[in-house]
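Number of protein chains: 2
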Amino acid sequence: MSAWSLVYESYEPAKEKLREALCTLGNGYFATRGAAHEAQADGIHYPGTYLAGGYNRLKTEVAGRDIENEDLVNMPNWLCLGFRINGGDWFKIDEVEIIDYRKELDLKRGVLYRNVEFKDAEARVTRIFGRRLVHAGNPHLAAQELIIEPVGWSGRIQVLSALDGRVINAGVDRYKELNSKHLQVLEKRVIDEETVFLKVHTSQSELRVAEAARTRIFNGDALIGKAVEDVEESEYVGQVYEVEAKAGEAIRIEKVVALYTSRDRAISECGLDAREAVTAAPDMAELMRTQALRWAQLWHRFGIDMEGVSPKQGEDVLRVLHLHMFHLLQTTSMISMGLDAGVPSRGWHGEAYRGHIFWDELFIFPTLNLRVPEITRGLLMYRYRRLPQARRAARREGLKGAMFPWQSGSNGREESQEVHLNPQSGRWIPDNSRRQRHVNAAIAYNVWQYYQVTGDKEFMFFYGAQMILEIAASWSSLAEYNQEIDKFEIHGVMGPDEYHDAYPGSDEAGLRNNAYTNIMAVWVLNCALEVLKLLPRVRREELCFELDLGQKDFDRWEEITRKMKIVFHDGNIISQFEGYDKLEEFDWEGYREKYGDIQRLDRILEKEGDTPNRYKLSKQADTLMLFYLLSAEELSALFERLGYEFSHDTIPRNIDYYIKRTSHGSTLSYVVHSWVLARSDRRRAWQMFRRVLQSDIQDIQGGTTPEGIHLGAMAGSLDLIQRAFLGIEARGDVLWFNPCLPEELERLGLQVCYRRNPIRVEISKKHLTISAMDGVSETVKIGFRKKVYDFNGGESRVFLL
Amino acid sequence: MSAWSLVYESYEPAKEKLREALCTLGNGYFATRGAAHEAQADGIHYPGTYLAGGYNRLKTEVAGRDIENEDLVNMPNWLCLGFRINGGDWFKIDEVEIIDYRKELDLKRGVLYRNVEFKDAEARVTRIFGRRLVHAGNPHLAAQELIIEPVGWSGRIQVLSALDGRVINAGVDRYKELNSKHLQVLEKRVIDEETVFLKVHTSQSELRVAEAARTRIFNGDALIGKAVEDVEESEYVGQVYEVEAKAGEAIRIEKVVALYTSRDRAISECGLDAREAVTAAPDMAELMRTQALRWAQLWHRFGIDMEGVSPKQGEDVLRVLHLHMFHLLQTTSMISMGLDAGVPSRGWHGEAYRGHIFWDELFIFPTLNLRVPEITRGLLMYRYRRLPQARRAARREGLKGAMFPWQSGSNGREESQEVHLNPQSGRWIPDNSRRQRHVNAAIAYNVWQYYQVTGDKEFMFFYGAQMILEIAASWSSLAEYNQEIDKFEIHGVMGPDEYHDAYPGSDEAGLRNNAYTNIMAVWVLNCALEVLKLLPRVRREELCFELDLGQKDFDRWEEITRKMKIVFHDGNIISQFEGYDKLEEFDWEGYREKYGDIQRLDRILEKEGDTPNRYKLSKQADTLMLFYLLSAEELSALFERLGYEFSHDTIPRNIDYYIKRTSHGSTLSYVVHSWVLARSDRRRAWQMFRRVLQSDIQDIQGGTTPEGIHLGAMAGSLDLIQRAFLGIEARGDVLWFNPCLPEELERLGLQVCYRRNPIRVEISKKHLTISAMDGVSETVKIGFRKKVYDFNGGESRVFLL
């Protein structure tokens, strides 16, 4: 097993759901997840094929409440490709004796292989070789190939190739009470001897999706086999082909599918375009060639070079990083730049959280910013287009500006659940998570970071500034002035730590003066004042007039940045929120002994009739998020401005305090902790980093990976490489380096794109090498140890570490 | 009448269709054209409300051939707002005695007014005051207001407010044999006492369009009137309201409509979003306020200051320029930046040419490039997204690269007609216009010009370079090497002059070696070689690999740029095409005498059984286009490279030769001629410029304006101001000025945006003043008379002319 592939040498039914999630193929436009029984063709549908941004909202009565679910949609399944021998049963892997098995995900080329040698009930031995791809260059194409080789027998093989519209969303067990049926078949037909066609629409959003599939069977180069039967059911269309097979002579089946939706651009009618595209589509060999080419291009831009002190460990780490990058690029890539799709926490290929957009961008954008920032731009535009809803949401609460929701649905509406299920107790619990207003700080922060890396003024002037200003306006009107103490306060919120959603025993939802929220609000207001200075007069006047902002507002913003309340306890411990110090200490050891895995303490405590609200414990980093997002210099300046002391031990003391009180009930928690420890405790930072790498491949959140990979943690691991280990920071007009190579690594290298200029970075134990590559057309300023160096195209410098 | 409004003081039925075309309101997303009888509510539909990029393709049997029509679609009509008094007839302007009438298009604020005082059959006198807008800020909203004032009578007024799905496309008489019915009503209902809802889809493209309309009636501030009747027909839904009116007391009706389509982004389902939007929509007063604000912002960016030597003439010129800018911005604006809409020759609010995209961009982009180039970027992306079709079209002809069609339809397919109707003879004539491959040179040229003005590397690297390279590849494979003369040739094409589509008597379509085509092909190949140097290595390698381009191709490109054949006659007259000199001279005087208007000689000659192919005559500039697009320096360099002589009199002799042989059968012709004469014959250039200004307001192409304004000519007039009179040229990294103020003007000024920096330009008879405005954050290089000056923010310089 190389650093470029994920290999399974045996078939293990209990693990197949997890492996499927890891082996899902996608291209940012749609994704295809093989079912455990991927070669079945017996009419049982396969969950599924996902479409980016194909949402659906259906009301379901749960626990006496209306829950609005806005789902990502499982598309009609195009994988259905089955066979049977001499009219026997259709092949099912569970019903044969497996002689040999190998499944391999080729991360370098974006191809999934599955080879099986088996003996069937009639004692015939057969070998099958399957491979498939979702094309990384042409968003509308996918293809699979199945080679069947009779070992020592000859006979008639029937092949069933179909498109199946009966798929439902059934990937998440605890959603099973919610409506899972989202597709209605509009049209299905056999087009010709090799092509079938299916068109559906989603029940609520009326998104039309058309698939056309072309199936051809070969012996060597000769086209063989003919359609002997059309199979049409109400939501299913397929064809049965028949061939005579000889011992030792393989037959090869190619199935190519084209997929278009009514949201696509440059189309006439999605059905017509799908049919035209499948007719014009190249064959499997050519698709394999161009797929490899596109992935080579992607890896050229997104690659990581790494050498471990232990070669084995280095390779293991690199393999997982490749897997993480692979899934990131399958969710959002150059292809998705033009789509109206955000970046959901489980990718577009996991059903958990139903495709809603949370704050994961905060962990995902840094990786994209330093590689192909145009992708970030597209994702920020996704937010920008949803400003009208955010503005309406702010108005409903009597706020100025715009307030983005915690869980953003198709048109940008709040889609956070009002109750959620505790699978351990079976109870539905009221859910206050929509009070996580800090998502708005994350959006403003993301806009600013994108601008730092790219200097993209078009974006900033037309779109970015407006987002930052409107978000700032809503923070300003949310902050209440407390005359008694001459401070501004923010009440009724939740921080990133979802274990605390209210004060114990209180009927009121939310907390007072969550430190992360308050400080980030100050950061946003500062940033907005900065942005105002940046804007050309014309545009500034336009925006102020349009958003009804004036000097009075800016004065208030300025005042808030000097008078926001932050609460402390035990000296300079930043209280996670006001009153945190009054909470009880939690019996960590007792619970660990009792339950083993205590990551999800919320569920455990709720089942016991208790609540985490009573204790000093966190699901994930909350106060520590500040050290993740802001440098010591920035934080110190903010504190000084606010009139609070920030001493040399503020950071280490707070890290030490909170790290002990965190259960890591979110994969993101390890990312943040690895980051904050990177410079003070490299050994522990590396442990945390290794934990991040295990998130999905070892499913450390107990069974959540089969519901979809954790994209924030995946991208977070890549970001740790870039911004923690290589210490890359875009600030002002300089790209700074402050590397900190983990002891376990020998060498690390990658290529970043800074203000359109490709820069190569390498570090070893002793050297940092920076090269401005061919294509660097402007002078790039590189900063290292407080000095700034000019780099022109072709120039290279080596710094001693 | 100021320079900011178009006013009609009388009602003239025969002229209303023309006035409607000029007074159409739009916002780049949809457009609304009032019918002559705009206050009718008798169930007769109104043509229409247009939607940008809502196409439809329907086959119709015409003249024994299948013609594929891809139309822009008339949307369900939302203007229906009628009234009747005491149960009498519904108001129809043709059936009353008009006492006073005034229609005014307020170009400054984007509002159309119509006030009528009339006496009805019962001798009652009534005044009505109408105004309406399509919102320039919120693409989804439009509104109208109708004030009814009984003069000396009191009684019961019934108001009918409806949405009408029965609209057809009937704006172009000669299309009447083609299918005109494109909408199918899916849903219609009365939502509540003030809201009706209608949802349709287009028959072929299945674009869903939802409209929700809210109607309120006021007396002063008091909401009065109530719905007394719902009116539902199969494709129509409305409500009748009833109020008691008193003499001298005006009642005021407000109708606000929200429109969404299934192609919109950030929506859930277009019907739901339309209903939500109309509920949240502000009232008329607020919409008027924000409309004026948005238009003020638009005029700030797109304004023109002008003073004529004769103030009256100056004002007249300026009014038409304002009208032209108004229509340009109603077709394509900041709103359309995110749409998948191109820029069609008659705007999105004229039915002629059915919304197809031709080469008019060539005349439209320069104006946008110097004001808000991001709009151009959006329109170039429209082309980029259609590369797959252009690539397939090239393959079908055995060419490499991509070949964009002459008339581009929804998904980028060729939609040029195969036959067209001569209304004068009633005959359907074979149409070779798809042989105008020169549209591809225009697209490459547009990409390059956009890049020159903006320096937008993201666009160039990701998209622009690919377009230029693929177009270059197709020109290269189209060019045939003629060994005998050691030259490359291009056969079977048409130039911009559509009067020549074949050699007289020949069965073969197209011409050999059209000079414009051949030279522009060389220009494109040169440009492509330039682009290759510009690309960072990574991207260059990616593209070459992907497009299968290598050194062999580039060598051939280089060779073609040295060996393309150009034909000359009469010394240095560039033959429009090979064999042009063999054609007969045309009897211009005889035909002028016989027919008066001979702009459309093609139709006249065809009716006579003759053909323009026999004569030395042009519909519009063909060879002279070279002088429009390329500077003397550029042309001279190209000629030198090709081994042809280019002498000091090449340009004037060719202008003189061809200008005499042109019938100006296209409004674009005057633009080009005004340009090429601007420096050699200022008086004549001004005459041509005035002719351009008359194009639509005086409907100089004989009845074509009622079918839709001529956007190329409109934008062309604005471009003459910018690039001919002010002489602005973005070349290298310098913004050059070479002004040439027409004698008829005293002063001219405007603001341009060069590489994101706002620059103010003013010229008078004696001075050129250039100011780098607040917001100029980089040093801008300004060139004047061969010297280059650095400008920083706030700096201003005056040059003597």
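Chains as they are written, first to last, in my numbering: chain A, 1034 to 1834; chain B, 1034 to 1834. For glycine and all other residues, C-beta sits at the position ideal for the given N, C-alpha and C.
Decide if residue i is buried, meaning its Cβ has at least 16 other Cβ atoms within 10 Å, or exposed.
i       : result
A/D1099 : Only weak support is given to the placement of A/D1099: the predicted model assigns it a pLDDT of 44, under 50, and the value that follows is read from those uncertain coordinates. Exposed.
B/I1190 : buried
B/V1342 : exposed
A/K1232 : buried
A/I1390 : buried
A/A1064 : buried
A/S1696 : buried
B/A1318 : exposed
A/K1136 : buried
Near residue i, what residues of its chain come up, given a Cβ to Cβ distance below 7 Å and the 5 sequence neighbours on each side ignored?
i       : result
A/I1552 : I1599, L1659, L1671
A/I1523 : L1511, A1512, N1546, T1550, N1551, A1554
A/W1328 : K1141, R1142, G1143, A1169
Under a three-way DSSP split, which group does residue i fall into?
i       : result
B/P1772 : coil
B/N1479 : helix
B/H1234 : strand
A/Q1609 : coil
A/Y1496 : helix
A/R1678 : As written in the sequence, residue 1678 of chain A is Glu, which differs from the Arg given in the question. DSSP places A/E1678 in coil when its eight states are reduced to three.
B/S1539 : coil
A/I1181 : strand
A/K1345 : helix
A/D1766 : coil
A/V1571 : helix
B/M1370 : helix
B/G1076 : Bear in mind that a pLDDT of 32 at B/G1076, under 50, signals an unreliable position, so the number given afterwards is only what the model happens to contain. B/G1076 falls in the coil class under three-state DSSP.
Going by beta carbon distance, what residues of the same chain come within less than 6 Å of residue i, once the five residues before and after it are set aside?
i       : result
A/R1117 : W1123, Q1191
B/F1521 : A1512, Y1514, I1593, K1596, M1597
Let me check understanding here. Comparing Cα to Cα, which of the options lies closest to residue i?
i       : options                            : result
A/L1432 : A/M1358, A/S1507, A/Q1469, A/L1454 : A/S1507
B/I1300 : B/A1175, B/F1335, B/R1241, B/R1470 : B/R1241
A/L1650 : A/A1665, A/H1357, A/W1621          : A/W1621
A/E1666 : A/F1679, A/K1490, A/A1654          : A/F1679
B/P1377 : B/L1361, B/M1370, B/K1050, B/M1367 : B/L1361
A/E1579 : B/Y1417, B/Q1324, B/G1741, B/A1426 : B/Q1324
A/L1138 : A/R1296, A/P1406, A/I1803, A/Y1041 : A/Y1041
In its own chain, which residues sit with a C-beta less than 8 Å from the C-beta of residue i, not counting the 5 before and 5 after it?
i       : result
B/Y1628 : I1637
A/F1601 : I1607, S1608, Y1677
A/S1035 : E1348, R1352
Residues in the segment 1486 to 1515 of chain A with C-beta within 7 Å of chain B's C-beta atoms, listed in sequence order? K1490, E1491, F1495
Taking a Cβ distance cut-off of 7 Å, strictly less, list which residues of the segment 1774 to 1796 of chain A are near chain B, in chain order. R1789, P1791
Interface residues of the segment 1319 to 1338 of chain A facing chain B [CB-CB below 9 Å]: T1323, L1326, R1327, A1329, Q1330, H1333, R1334
With 7 Å as the limit, tell me which residues of the segment 1300 to 1319 of chain B have their beta carbon closer than that to any beta carbon of chain A; keep them in chain order. I1300, S1301, E1302, D1306, A1313
Contact set between the segment 1569 to 1597 of chain B and chain A, restricted to residues whose Cβ is under 9 Å from the partner: P1569, R1570, V1571, R1572, R1573, E1574, E1575, F1578, E1579
When you check each C-beta in the segment 1243 to 1260 of chain A against every C-beta of chain B, which residues fall closer than 7 Å? none
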